[in-house]
Amino acid sequence: MFQPNALRSVSHFVCSLFFHERVVQRWSACPVLHGNLVGIVRRGVEPVLFCSGHGARPSLQKAKKGFFALASLLGAMAFGCRPPVALANVVVVPLLVSLFKTQETHDFIADAIAVIAPYAIVGALLMGYNFLRFESPFEFGQSYQLTVADQSGYGEGGGRSFGASLGEFVKFFFAPPGGTEPFSGVFINYPALGIAFFSLAFPKARTMLKEAGVLRYLVTLVIAAALIGLVDAMWSPHILERYRMDVYWLLGIIAFVLYGFWGESVESRAFYVVLSVLGIVTTITSMLLFLIPHDSNLASLHPDLAESLRRFISFGMWK
1 MFQPNALRSV
11 SHFVCSLFFH
21 ERVVQRWSAC
31 PVLHGNLVGI
41 VRRGVEPVLF
51 CSGHGARPSL
61 QKAKKGFFAL
71 ASLLGAMAFG
81 CRPPVALANV
91 VVVPLLVSLF
101 KTQETHDFIA
111 DAIAVIAPYA
121 IVGALLMGYN
131 FLRFESPFEF
141 GQSYQLTVAD
151 QSGYGEGGGR
161 SFGASLGEFV
171 KFFFAPPGGT
181 EPFSGVFINY
191 PALGIAFFSL
201 AFPKARTMLK
211 EAGVLRYLVT
221 LVIAAALIGL
231 VDAMWSPHIL
241 ERYRMDVYWL
251 LGIIAFVLYG
261 FWGESVESRA
271 FYVVLSVLGI
281 VTTITSMLLF
291 LIPHDSNLAS
301 LHPDLAESLR
311 RFISFGMWK
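Using full-length UniProt numbering, read the sequence shown as starting at 1 and increasing by one per residue.
This is the structure:
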């Protein structure tokens, strides 16, 4: 069973996904989807480490301030690596709200300082560095990449209007297959990530999520994924598949939790059969996506090998 105390804050909930033994055992009924979703989540290195630091809180209460600071430091450092992904740090907001509601004032202030201080320090250092090197505190070097490709359109969305950027935002998540781009949208590539939200149609699942204190964090993660998609759509002149990887790990966390509570609310063997089929489809899709010729990858450099692998993985259905 999911333990409410392990899911009261973002730290508890992420910890339960990856480190809490009972939750992992619960998912042993569907190892394919479990392993694949964890694989998607692991695409975002800094955010996962950020969550891991917060996730140590339940078992190490005495050192919680240190782990809060460590998690916030790793989360703040993501801004210097991939600023859109770092928008996932909005999960800190419900964490602070939870601390404010459950702690005495002086304890809350101490924990809040441990959470906020690393962001302030790293943010000031990054902005100072950007200003000294690029003459702008908000320039992270995108326009100065050492490449022969034209990077001038980054940061301006290629000169698109806001309405056109919203269109790119929709394509980010729902671009249909067979278009001008070689890759489809997030929820088209991985239907399992979208199907998970149907769990909210079950009153028992919603009740369990509320009682466990998870729902507010799931809402925050959905907002974070939407913000990241919007920034990627407005920032870049072209939506590339690697930009969609900015949100796969977040949606993987959301789907992981929703499927877990959904399974406990229906308590049906058929549910896990369907879930296993989704896991197999998701795993095959992941392998096939790597075999689409694009951006000087293995498939573009060795087309014959890629075609053979595609035929093998898809049982001859995709050439």
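Just so it is clear, CB atoms sit at the ideal spot from N, CA and C, and this is done for glycine as well.
Assigned exposure category for residue i - 16 Cβ within 10 Å defines buried
i, result
"R244", "buried"
"A299", "buried"
"I228", "buried"
"E168", "buried"
"D304", "exposed"
"V274", "exposed"
"V97", "exposed"
"S199", "buried"
"A63", "exposed"
"S72", "buried"
"F68", "buried"
"T102", "exposed"
"L218", "buried"
"A270", "exposed"
"P177", "exposed"
"F261", "buried"
"G252", "buried"
"residue 327", "Beyond the ends of the chain as shown, which are 1 and 319, falls residue 327; an answer cannot be given."
"G185", "buried"
"A201", "exposed"
"V170", "exposed"
"G55", "Residue confidence is low: G55 scores 49 on pLDDT, short of 50, so the model does not pin down where it sits. Its coordinate-derived value is still stated next. It is buried - the Cβ of G55 has at least 16 other Cβ atoms within 10 Å."
"I40", "With a pLDDT of 45 at I40, under the threshold of 50, the modelled position of that residue is not reliable, and the figure given next carries that caveat. Burial call: buried."
Residue i versus residue j - alpha carbon distance
i, j, result
"P191", "W249", "14 Å"
"M317", "H238", "30 Å"
"E135", "G128", "9 Å"
"V266", "L258", "12 Å"
"T220", "E181", "30 Å"
"F290", "R216", "34 Å"
"H106", "A114", "13 Å"
"L301", "E307", "12 Å"
"V38", "L70", "Any answer about V38 is weak, because its pLDDT of 44 lies below 50 and its placement is not dependable; what the coordinates show is given next. Taking the straight line joining both Cα atoms gives about 22 Å."
"E211", "F138", "41 Å"
"A110", "E264", "37 Å"
"S161", "L193", "30 Å"
"T285", "I116", "39 Å"
"R133", "F140", "10 Å"
"V281", "W235", "32 Å"
"R310", "S165", "33 Å"
"S268", "S276", "13 Å"
"Y119", "F256", "28 Å"
"R82", "F312", "35 Å"
"K65", "A86", "21 Å"
"L240", "L209", "34 Å"
"G80", "F131", "13 Å"
"G163", "E104", "47 Å"
"R242", "V92", "25 Å"
"G179", "T283", "23 Å"
"Y272", "A112", "41 Å"
"I195", "A88", "22 Å"
Inter-residue CB distance, residue i and residue j (contact presumed, cutoff 8 Å)
i, j, result
"F183", "I292", "7 Å"
"F174", "I188", "6 Å"
"L99", "F108", "5 Å"
"L278", "S314", "L278 to S314, Cβ: 17 Å. No contact."
"V247", "A225", "4 Å"
"V231", "P84", "5 Å"
"I223", "V122", "Contact flag wrong, Cβ pair sits at about 22 Å."
Cβ-heavy atom distance, residue i to the ligand SAM, below 7 Å
i, result
"L230", "In the structure shown, the ligand SAM is absent, as is every other ligand, since no ligand is present at all."
Are the stretch 198-216 and the stretch 279-298 touching by the rule of at least three beta carbon pairs closer than 8 Å?
no
Count Cβ pairs between the stretch 68-78 and the stretch 117-133 that sit closer than 8 Å; are there 3 or more?
yes
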